[in-house]
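Some notes on the structure that comes next.
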Amino acid sequence: MEFCPECGCRLEPKKSDGAIVLACTKCNYVKKAENNRAQAKVVRVIQPKSQPFMTIISEEDQKVKTLPTIHMKCEKCDNTTVFVWQVQTRGGDEASTQFMRCTKCGHTFREYS
Ligand SMILES: [Zn+2]
Ligand SMILES: [Zn+2]
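If you number the sequence shown the way my numbering does, the last residue is 164 and the count never jumps.
Given below as C-alpha cells:
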C-alpha cells in the first residue's frame with residue numbers, strides 16, 4: 052500500500068486514460084503505477100495441441116492394397132476375379148467410373164454402362 056507524499060492519505064488504484072494509476076483519495080495527487088507496463092507485456096503462451104499424425108496413402112497404394120475384388124471374367128485371360136475401384140471424373144458432377152483390374156494378368160478395363 053502506498054501513501055500520498057502530499058497529504059499522507061491512502062493512494063487507491065484509479066483508471067485514467069485507459070491506464071491504472073494510483074490516485075490520492077483526498078488531494079489531486081496522481082502517481083502512475085510503474086508496474087503497469089510490465090504487466091501488460093505478460094503474454095500467455097499457449098502450446099498448440101499436437102496434431103494427430105496423419106497417414107497419407109497415395110492413390111496408387113489405395114488401388115493396390117485396399118481394393119475389393121469382385122467375381123468377373125477377365126477379357127484377356129480366364130481369370131474370374133478382378134479388383135474393382137471407382138474414379139470420380141474431374142467434373143465432380145459426373146458419375147464415377149468403375150474400373151476393374153484382373154488379379155491374374157493385370158489387365159485393366161472400365162465398366163461401360
Ligand atoms: Zn494526497
Ligand atoms: Zn486377366
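Positions of the beta carbon are idealized from the N, C-alpha and C atoms, including for glycine.
The Cβ atoms of V133 and P119 lie no closer than 8 Å to each other.
Per DSSP, the unbroken beta strand (DSSP E) holding P64 starts and ends at 62–67. Sorted by chain position, residues whose beta-carbon lies closer than 6 Å to a non-hydrogen atom of ligand 2 are C125, K127, C128, N130, C153, K155, C156, H158. Excluding sequence positions up to five before and after F54, its CB lies within less than 7 Å of the CB of C60, R61, L62, all in the same chain and listed in chain order. Secondary-structure assignment with DSSP links Q149 through a beta bridge to Q137. Excluding its 5 nearest sequence neighbours in each direction, T131 has C-beta neighbours in its own chain below 8 Å: H122, M123, K124, C125, listed in chain order. Distances from the CB of E53 to the heavy atoms of ligand 1 are all 7 Å or more.
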